[in-house]
Amino acid sequence: MAKFKDGSMKRYSRSSHPNLPVIAGGVPLFDSLLPYARHAVDEDDIQALIETLRSPFLTQGPHVDEFEKALSHQCQTPFAVAVNNGTSALHAAYLAAGISPGDEVITTPFTFAATANAVLYCGAVPVFVDIDPETWTIDPIDIAAKITSKTKAVVSVDFGGLPCHYEEIRALCRQHNITLIADACHSLGAEYKGTPVGTLADITVLSFHPAKHITTGEGGAILTSSPKLAHKLKLLRHHGIEKGTRPEEPWFHEMRELGNNWRITDFQCTLGMRQLKKLDAWVNRRRNIAKRYSEAFRHLPVSIQQSPPHALSSYHLFVISLDLSQFKTDRRGVFVALQRERLGVQVHYIPVHLHPFYRQRFGFQVGAFPVAEALYESVISLPLFPGMTDNGVESVILATERVIRYYQK
Ligand SMILES: *Cc1c(COP(=O)(O)O)cnc(C)c1O
Numbered sequence: 046m047a048k049f050k051d052g053s054m055k056r057y058s059r060s061s062h063p064n065l066p067v068i069a070g071g072v073p074l075f076d077s078l079l080p081y082a083r084h085a086v087d088e089d090d091i092q093a094l095i096e097t098l099r100s101p102f103l104t105q106g107p108h109v110d111e112f113e114k115a116l117s118h119q120c121q122t123p124f125a126v127a128v129n130n131g132t133s134a135l136h137a138a139y140l141a142a143g144i145s146p147g148d149e150v151i152t153t154p155f156t157f158a159a160t161a162n163a164v165l166y167c168g169a170v171p172v173f174v175d176i177d178p179e180t181w182t183i184d185p186i187d188i189a190a191k192i193t194s195k196t197k198a199v200v201s202v203d204f205g206g207l208p209c210h211y212e213e214i215r216a217l218c219r220q221h222n223i224t225l226i227a228d229a230c231h232s233l234g235a236e237y238k239g240t241p242v243g244t245l246a247d248i249t250v251l252s253f254h255p256a257k258h259i260t261t262g263e264g265g266a267i268l269t270s271s272p273k274l275a276h277k278l279k280l281l282r283h284h285g286i287e288k289g290t291r292p293e294e295p296w297f298h299e300m301r302e303l304g305n306n307w308r309i310t311d312f313q314c315t316l317g318m319r320q321l322k323k324l325d326a327w328v329n330r331r332r333n334i335a336k337r338y339s340e341a342f343r344h345l346p347v348s349i350q351q352s353p354p355h356a357l358s359s360y361h362l363f364v365i366s367l368d369l370s371q372f373k374t375d376r377r378g379v380f381v382a383l384q385r386e387r388l389g390v391q392v393h394y395i396p397v398h399l400h401p402f403y404r405q406r407f408g409f410q411v412g413a414f415p416v417a418e419a420l421y422e423s424v425i426s427l428p429l430f431p432g433m434t435d436n437g438v439e440s441v442i443l444a445t446e447r448v449i450r451y452y453q454k
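In this text, residue positions in the sequence shown follow our numbering: the first is 46, and each later residue adds one.
Dropping the structure here:
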């Protein structure tokens with residue numbers, strides 16, 4: 046059977062009925078699993094990495110600075126501080142914002158656990174609020190209801206790459222003198238009212254894990270327009286140690302904060318710089334694929350994330366939410382059938398408060414955040430990455446359609 050570059054096969058090339066899903070005896074459209082995300086590292090990237098590996102710098106070298114400058118240019122933010130992963134970036138951002146024991150930090154349960162975990166690393170308490178059922182991002186009205194005298198920060202998450210309700214949330218934070226931190230690990234390259242993600246909050250956090258828009262293997266960064274915060278973040282990245290404070294004692298350095306070793310290596314930043322050059326083209330490709338998916342699924346009993354006014358997603362994920370009342374099975378049934386189609390489907394996310402650790406620590410029960418919980422029960426993330434071929438995209442659509450039609454009431 047003829048194969049395309051991404052492993053998908055020519056459609057209808059066997060006699061089997063093309064509309065039959067694999068679980069009902071149909072033929073898979075892919076000869077191997079198509080992952081939900083896949084990074085791209087090309088030969089030129091590898092050559093650039095080799096050059097850096099031959100240089101005198103393995104850890105903090107000139108490429109760290111260059112990568113930070115490129116990031117701040119890309120995101121139109123005065124300062125960028127690169128660190129060893131997105132979780133460290135969150136932790137450093139929270140410490141720089143002064144989050145400390147006894148403080149409350151308002152965030153969404155519909156995120157990766159790291160968003161809330163880093164609040165606990167600071168000894169503070171995460172206070173969850175439910176999501177907007179349309180945009181799937183933190184609900185500004187619920188934030189307002191949960192602000193207390195202990196609230197130190199709001200951490201918003203641009204779920205799937207879609208900027209949250211920044212205008213409303215920013216106004217609330219300003220009114221109550223609270224720091225707004227954007228967990229933008231999904232939304233590098235996204236825009237809100239013509240402004241790129243990076244300057245929409247007081248502090249913005251990025252991840253360069255291979256599933257995200259650009260990768261450094263592991264890596265992350267913190268963006269801010271405050272020189273004071275940027276300085277503090279650089280201290281925190283290196284144990285809270287400041288150097289060069291006594292010119293008469295050239296060896297002198299002093300530890301001023303309890304930081305950590307959150308350094309990223311020079312070769313990771315070499316890769317990051319090369320990846321960043323491709324970001325715009327990759328985000329465009331993601332938007333085109335998402336547009337095609339949206340059109341194709343319009344007539345199916347599924348819904349997708351809705352944008353708030355003037356928000357432009359960079360589509361880290363393409364998530365469908367099944368209208369379960371119209372199915373003869375539950376989400377598990379559809380999920381397993383899509384896996385049998387060789388689609389590397391995933392579920393984003395199990396609401397953070399439902400993880401055993403959070404239930405035990407804070408006594409959370411099912412029903413605490415009904416919008417996030419109901420959404421969790423119905424969502425499936427489909428494959429989406431810039432390297433997908435048009436044929437791959439069409440095959441994902443065909444496979445998804447035939448599974449959904451098969452299970453539709
Ligand atoms: C990926 C991610 C993180 C953590 O980033 P790492 O680089 O994997 O540590 C945090 N928050 C969200 C929303 C993420 O998607």
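Here a beta-carbon is modelled for each residue, glycine too, at the ideal position from N, C-alpha and C.
I think Gly131 touches Ser252, with their Cβ atoms under 8 angstroms apart; what is that distance to the nearest whole Å? Counting from 1 along the sequence shown, the entry for residue 131 is found at position 86. Counting from 1 along the sequence shown, the entry for residue 252 is found at position 207. Your pair Gly131 and Ser252 checks out as a contact, with CB atoms roughly 3 angstroms apart and the cut at 8 angstroms.
Would you mind sorting Asp435 into buried or exposed? The rule is 16 or more other CB atoms within 10 Å of its CB. The count along the sequence shown starts at 1 and reaches residue 435 at position 390. Asp435 comes out exposed.
To the nearest whole angstrom, what separates the beta carbons of Tyr452 and Phe342, a pair I think is in contact under 8 angstroms? Against the sequence shown, residue 452 aligns to sequence position 407. Against the sequence shown, residue 342 aligns to sequence position 297. With a beta-carbon spacing of about 14 angstroms, Tyr452 and Phe342 fall beyond the 8 angstroms limit used to define contacts.
Beta-ladder partner(s) of Pro241, from DSSP: For the purposes of this step, residue 241 is identified with residue 196 of the sequence shown, where counting begins at 1. Pro241 pairs with Glu236.
Hey, could you find the ends of the beta strand (DSSP E) Phe342 is sitting in? As a first step, residue 342 must be located in the sequence shown, where it is residue number 297. Segment Asp311 to Phe342 is the alpha helix (DSSP H) holding Phe342; no beta strand (DSSP E) there.
Which term fits Ser359, buried or exposed, when burial requires 16 or more other beta carbons within 10 angstroms of its beta carbon? Locating residue 359 in the sequence shown gives position 314, counting from the first residue. Flag for Ser359 reads buried.
So, Ile365 versus Val392, is the Cβ gap smaller than 9 angstroms? For the purposes of this step, residue 365 is identified with residue 320 of the sequence shown, where counting begins at 1. For the purposes of this step, residue 392 is identified with residue 347 of the sequence shown, where counting begins at 1. Annotated as distal: Ile365 and Val392, with beta-carbon spacing of 9 angstroms or more.
If you count every other CB in all the chains shown that lies within 10 Å of the CB of His118, and 16 or more means buried, which is it? Taking the first residue of the sequence shown as 1, we reach residue 118 at position 73. Exposed: under 16 other Cβ atoms inside 10 Å.
Helix, strand or coil: which one does DSSP assign to Ser60? Taking the sequence shown and counting its residues from 1, one reaches residue 60 at position 15. Its pLDDT being 48, under 50, Ser60 is placed unreliably by the model, and nothing is read from it.
Say whether the segment 147 to 164 touches the segment 316 to 334, bearing in mind that this needs 3 or more beta-carbon pairs closer than 8 angstroms, one atom from each stretch. Contact between the segment 147 to 164 and the segment 316 to 334 is absent: fewer than three C-beta pairs spanning the two stretches fall below 8 angstroms.
Pro272, DSSP secondary structure in three states: As a working note, residue 272 is residue 227 in the sequence shown. Looking at Pro272 - three-state DSSP - the assignment turns out to be helix.
Ligand 1 and Leu135: does the residue's C-beta get closer than 8 angstroms to at least one heavy atom of that ligand? To locate residue 135, count along the sequence shown from 1; it is residue 90. Correct: Leu135 has its Cβ closer than 8 angstroms to ligand 1.
Under 9 angstroms between the Cβ atoms of Arg330 and Trp307? Counting from one through the sequence shown, the residue named residue 330 turns up at place 285. Counting from one through the sequence shown, the residue named residue 307 turns up at place 262. Going by C-beta atoms, Arg330 is not nearer than 9 angstroms to Trp307.
Looking only at its own chain, which residues have a Cβ that is under 8 angstroms from the Cβ of Leu217, when we skip the five neighbours before and after it? The residue you call residue 217 lines up with position 172 of the sequence shown. Excluding residues within five positions, the ones whose Cβ falls inside 8 angstroms are Pro185, Ile188, Ala189, Ile192, Val199 and Ile223.
Sorted by chain position, which residues of the same chain lie with C-beta nearer than 7 angstroms to Val448's C-beta, five sequence neighbours on each side aside? As a working mapping, residue 448 is identified with position 403 in the sequence shown. Excluding sequence neighbours, Val448 sits near Pro66, Val379, Ala382, Leu383 and Glu386.
Starting from Val441, trace the alpha helix (DSSP H) both ways and give me its first and last residue. As a working mapping, residue 441 is identified with position 396 in the sequence shown. Taken as a continuous stretch (DSSP letters only), the alpha helix (DSSP H) holding Val441 covers Asp435 to Tyr452.
Consult DSSP for Glu302 and reduce its assignment to one of helix, strand or coil. For this step, residue 302 is matched to residue 257 along the sequence shown. Three-state DSSP puts Glu302 in coil, outside helix and strand.
Measure the beta-carbon distance from Leu268 to Gly243 and round it to whole angstroms, keeping in mind my assumption that it falls under 8 angstroms. Numbered from its first residue, the sequence shown carries residue 268 at position 223. Numbered from its first residue, the sequence shown carries residue 243 at position 198. Going by Cβ atoms, the distance from Leu268 to Gly243 rounds to 5 angstroms, so yes, they are a contact pair.
Based on the DSSP secondary-structure assignment, which residues constitute the bridge partners of Ser348? Taking the first residue of the sequence shown as position 1, residue 348 is located at position 303. In DSSP, Ser348 forms a bridge with Ser366.
Integer Cβ distance of Leu345 from Glu446, believed to fall under 8 angstroms: As a position in the sequence shown, residue 345 is number 300, starting the count at 1. As a position in the sequence shown, residue 446 is number 401, starting the count at 1. With 8 angstroms as the limit, Leu345 and Glu446 qualify as a contact, their Cβ atoms being about 7 angstroms apart.
Strictly under 9 angstroms for the Cβ-Cβ distance: is Ser423 near chain B by that measure? The chain inventory of the structure shown lacks chain B, comprising one protein chain alone.
Alpha carbon to alpha carbon, how far is Pro101 from Pro107? For the purposes of this step, residue 101 is taken as the residue at position 56 of the sequence shown. For the purposes of this step, residue 107 is taken as the residue at position 62 of the sequence shown. Straight-line measurement puts the Cα of Pro107 at about 10 angstroms from the Cα of Pro101.
Counting Cβ pairs, one atom from each stretch, are 3 or more of them under 8 angstroms apart for the segment 278 to 295 and the segment 84 to 101? Counting Cβ pairs under 8 angstroms, fewer than three are found: no touch.
Let me check you understand the geometry: is the CB of Thr156 closer than 8 angstroms to at least one non-hydrogen atom of ligand 3? No copy of ligand 3 appears in this structure; the ligands present are ligand 1.
Counting C-beta neighbours from all protein chains within 10 Å, is the total for His254 16 or more, i.e. buried, or is it exposed? Here residue 254 is taken as the residue at index 209 of the sequence shown, counted from 1. Buried, because 16 or more other Cβ atoms sit within 10 Å of the Cβ of His254.
Roughly how far, in whole angstroms, is the beta-carbon of Pro178 from the beta-carbon of Val416, given that I think they are within contact range, below 8 angstroms? The residue labelled residue 178 in the question sits at position 133 within the sequence shown. The residue labelled residue 416 in the question sits at position 371 within the sequence shown. In this structure Pro178 is in contact with Val416, their Cβ atoms being roughly 5 angstroms apart against a cut-off of 8 angstroms.
Which word fits His355, buried or exposed, when buried means at least 16 other C-beta atoms lie within 10 angstroms of its C-beta? Mapped onto the sequence shown, residue 355 falls at position 310. Flag for His355 reads exposed.
Close-in-space but distant-in-sequence residues of the same chain around Thr261 (CB under 6 angstroms, 5 per side omitted): Residue mapping note: residue 261 aligns to position 216 of the sequence shown, counting from 1. Correct list, in chain order: Phe253, Gln313, Leu316 and Gly317.
Starting from Asp228, follow its DSSP beta bridges and name the residues at the other end. Position 183 of the sequence shown, counting from 1, holds the residue named residue 228. Looking at the DSSP assignment, Asp228 forms a beta bridge with Val202 and Val250.
Should Lys279 be labelled buried (16 or more other beta-carbon atoms within 10 Å of its own) or exposed? Translated into the one-based positions of the sequence shown, residue 279 becomes position 234. So Lys279 ends up on the buried side.
Neighbourhood of His210 by C-beta, 6 angstroms cutoff - its chain only, sequence neighbours within 5 removed: Within the sequence shown, numbered from 1, the residue matching residue 210 stands at position 165. Around His210: Pro185 and Pro353.
Based on Cα-Cα distance, which residue from Pro63, Leu78, Pro80 and Leu79 lies nearest to Val72? Stepping through the sequence shown from its first residue, residue 72 is reached at position 27. It is Pro63.
Would you report the Cα separation of Ser58 and Ala326, rounded to the nearest angstrom? The residue you call residue 58 lines up with position 13 of the sequence shown. The residue you call residue 326 lines up with position 281 of the sequence shown. Summary for Ser58: the model assigns pLDDT 47, below 50, so the residue's position carries little reliability; its value from the coordinates is reported in the next sentence. Their backbone Cα atoms lie some 33 angstroms apart in a straight line.
Can you give me the Cβ contacts of Leu303 inside the same chain, cut-off strictly under 7 angstroms, excluding the 5 residues immediately before and after it? Your numbering for residue 303 matches position 258 in the sequence shown. Apart from the 5 residues on each side of it in sequence, Leu303 sits with its Cβ closer than 7 angstroms to the Cβ of Gly285 in its chain, given in chain order.
Check whether the Cβ atoms of Asp175 and Asp203 sit closer than 9 angstroms, and answer yes or no. Position 130 of the sequence shown holds residue 175. Position 158 of the sequence shown holds residue 203. For Asp175 and Asp203, no; Cβs fall outside 9 angstroms.
Can Val252 be considered in contact with ligand 1, in the sense that its beta carbon sits closer than 8 angstroms to one or more heavy atoms? In the sequence shown, counting from the first residue as 1, residue 252 sits at position 207. Here residue 252 is Ser; the residue named in the question, Val, does not match the sequence. For Ser252, the shortest C-beta to heavy atom distance toward ligand 1 is below 8 angstroms.
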